[in-house]
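This report concerns only the one structure given below.
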Amino acid sequence: MSKLRVGMVGYKFMGKAHSNAYRALPMFFPETAVLPEMTAICGRDPVGLEKARTQFGWQSGETDWRKLVAREDIDLIDINAPSDAHKEITIAAAEAGKHLFCEKPLALTLEDANEMLAAAEKAGVKHMVGFNYRFAPAVQLAKKLISEGRIGKIHHFRAVFLQDWILDPEFPLVWRLKKEIAGSGSHGDLGAHLIDMARFLVGEFREVIGMEETFVKERPVSESMTGLSATKSGADAPRGEVTVDDATLFLTRFENGALGSFEATRFAAGHRCTNAFEINGSKGSIKFDFERMNELEVYFTEDADDVQGFRRVLATDASHAYMDAWWPAGHTIGYEHTFTHEVHELMTAIAEDRQPVPNFHDGVRCQEVLVAVERSIAERRWVALKEFQ
Ligand code: SOE
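The sequence shown runs contiguously to residue 389 in full-length UniProt numbering.
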């Protein structure tokens, strides 16, 4: 069994998710042609880094990503540090001949995303972008039903990504609320997943029009966050400006004529992680909600009249993507499994000498839609994707 030596930058929320995936892969997908070796983890704070290194099971640690990238005993660099770090690390890693796995959104700007893709292609390395929700078995089932024509021609794609973790105006000004670090707010963080899902299931976007709002314009300053929580600052803490959107909504017309609507917000009280879509076709419909990620609701117009209606399919049978590697039918899986499947695709693609999917091309396409929506909001008009291609 050959091994691929991984060096990972970042050790918080995504670092934990990726580490867990690398650890689970040999146990549940032992037949994967290339398996990861958790060679080195990298982060700036030596104390936090060492804690993560031992907890997650990495062999060594580096506090400077440049040293990590220069190491000869590393084949792939996994970048899950905040978005403003993606470009520099990715390009340096590509130039050092390392394969790349980068979290979404790929970059702060479309120009940066294109540069990252160009660097990866020039270096001839494999590149993957972290749109993990594609890898939920129920989503894979939706893709299969669509590809087999079982819901016919698609008319509508309706998607929402709803969270509420910054509803409290006293929630601190963490990095995800700063444009220079995150690129955008709900739009790039949550909307990017919806855009990728739409491209995966429906196809390319033709034109978009959007609107956005920043409901809380200033927040108490805070240094760090873990997952989606941060320590609240005192009442007299200095305030800083929120420079990203709290919510972004947009409409699209797809190249294939389908219509789409999208809503990404962190102000949907009661919604912790409602990443949901509905697709309506000429022969049926599909509904998915990540909070019930093992299920897919399907409706087929061809069902007999007396049993017409949505049915709930539990996508946990061995016939469903990835499920034969886990548990007997009916034993559900969770968020972390999407990352294991993602890393399975990454390792398999490298072993097969092909680009993983989704890769930096998908990251760039997603970035084009993000930017098109931003331009449409700034200029209050429909924007064609052709303007960027
Ligand atoms: C935070 O909003 C977040 O963790 C995103 O950054 C992830 O990409 C998404 O999967 C869930 O929400």
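We treat Cβ as the ideally placed atom computed from N, Cα and C, and that holds for glycine.
Cβ-heavy atom distance between residue i and the ligand SOE below 7 angstroms?
{"i": "K187", "result": "In the sequence as presented, Lys is not what sits at residue 187; that position holds His. No; taking the cut-off as 7 angstroms, the Cβ of H187 has no heavy atom of the ligand SOE nearer than that."}
{"i": "F13", "result": "yes"}
{"i": "C102", "result": "no"}
{"i": "C366", "result": "no"}
{"i": "H99", "result": "no"}
{"i": "H193", "result": "yes"}
{"i": "C273", "result": "yes"}
{"i": "Q140", "result": "no"}
{"i": "L249", "result": "no"}
{"i": "L173", "result": "no"}
{"i": "L190", "result": "yes"}
{"i": "L228", "result": "yes"}
{"i": "Q163", "result": "yes"}
Give me the Cβ distance between residue i and residue j, rounded to the nearest whole Å; I'm assuming they're in contact under 8 angstroms.
{"i": "F277", "j": "A159", "result": "4 angstroms"}
{"i": "A123", "j": "G97", "result": "6 angstroms"}
{"i": "F290", "j": "N132", "result": "No, F290 and N132 are not in contact; Cβ-Cβ is about 10 angstroms, not under 8 angstroms."}
{"i": "L259", "j": "H156", "result": "6 angstroms"}
{"i": "I166", "j": "D245", "result": "In fact, because the Cβ distance is near 11 angstroms, the residues do not count as touching under 8 angstroms."}
{"i": "T214", "j": "V242", "result": "6 angstroms"}
{"i": "G57", "j": "M38", "result": "6 angstroms"}
{"i": "F267", "j": "R206", "result": "No, F267 and R206 are not in contact; Cβ-Cβ is about 29 angstroms, not under 8 angstroms."}
{"i": "P220", "j": "L177", "result": "That belief does not hold up - the Cβ atoms of P220 and L177 are roughly 11 angstroms apart, past 8 angstroms."}
{"i": "A321", "j": "Q140", "result": "4 angstroms"}
{"i": "A304", "j": "A318", "result": "Actually they are not in contact, since the Cβ atoms of A304 and A318 sit about 28 angstroms apart, beyond 8 angstroms."}
{"i": "L385", "j": "V373", "result": "No, L385 and V373 are not in contact; Cβ-Cβ is about 10 angstroms, not under 8 angstroms."}
{"i": "V47", "j": "A351", "result": "No, V47 and A351 are not in contact; Cβ-Cβ is about 37 angstroms, not under 8 angstroms."}
Going by beta-carbon coordinates alone, are residue i and residue j separated by less than 8 angstroms?
{"i": "Y22", "j": "V357", "result": "no"}
{"i": "L251", "j": "I209", "result": "yes"}
{"i": "F161", "j": "H193", "result": "yes"}
{"i": "H127", "j": "N359", "result": "yes"}
{"i": "T316", "j": "N294", "result": "yes"}
{"i": "S137", "j": "M347", "result": "One point to set straight first is that residue 137 is Pro, not Ser, in the sequence displayed. No. Outside cutoff."}
{"i": "S229", "j": "S222", "result": "no"}
{"i": "L100", "j": "V125", "result": "yes"}
{"i": "F288", "j": "A142", "result": "yes"}
{"i": "I89", "j": "I74", "result": "no"}
{"i": "K283", "j": "E297", "result": "no"}
{"i": "A17", "j": "P82", "result": "no"}
{"i": "A92", "j": "V69", "result": "yes"}
{"i": "V9", "j": "C42", "result": "yes"}
{"i": "V364", "j": "L117", "result": "yes"}
{"i": "F388", "j": "L108", "result": "no"}
{"i": "G203", "j": "N275", "result": "no"}
{"i": "F200", "j": "R292", "result": "no"}
{"i": "G270", "j": "D164", "result": "yes"}
{"i": "Q367", "j": "A119", "result": "no"}
{"i": "N80", "j": "E103", "result": "yes"}
{"i": "residue 452", "j": "D84", "result": "The requested residue 452 is not part of the displayed model; the chain covers only 1 to 389."}
{"i": "A52", "j": "R71", "result": "no"}
{"i": "I151", "j": "S261", "result": "no"}
{"i": "I377", "j": "E263", "result": "no"}
{"i": "E345", "j": "N20", "result": "no"}
Determine, for residue i, whether the minimum Cβ-Cβ distance to residues of chain D falls below 8 angstroms.
{"i": "E213", "result": "No chain D is part of this structure, which consists of one protein chain only."}
#### Entry: beta strand (DSSP E) runs contained entirely in the stretch 35–71, provided each spans 3 or more residues
60–62
### Message
As an exercise, report each continuous alpha helix (DSSP H) stretch of at least 4 residues that is fully enclosed by the UniProt domain "GFO/IDH/MocA-like oxidoreductase" (139–286), in chain order.
### Response
Those alpha helix (DSSP H) runs which fall completely within the UniProt domain "GFO/IDH/MocA-like oxidoreductase" (139–286) and span 4+ residues are 179–182 and 192–201.
### Task
Any chance you could list the alpha helix (DSSP H) runs of at least 4 consecutive residues sitting entirely within the stretch 297–379, in chain order?
Segments of the alpha helix (DSSP H) lying fully in the stretch 297–379: 335–351 and 360–379.
### Query
Taking only runs of the beta strand (DSSP E) that begin and end inside the stretch 59–131, which ones reach a length of at least 3 residues, in chain order?
Counting only runs of at least 3 residues, the stretch 59–131 fully encloses the following beta strand (DSSP E) elements, listed from N- to C-terminal order: 60–62, 76–79, 99–103 and 127–130.
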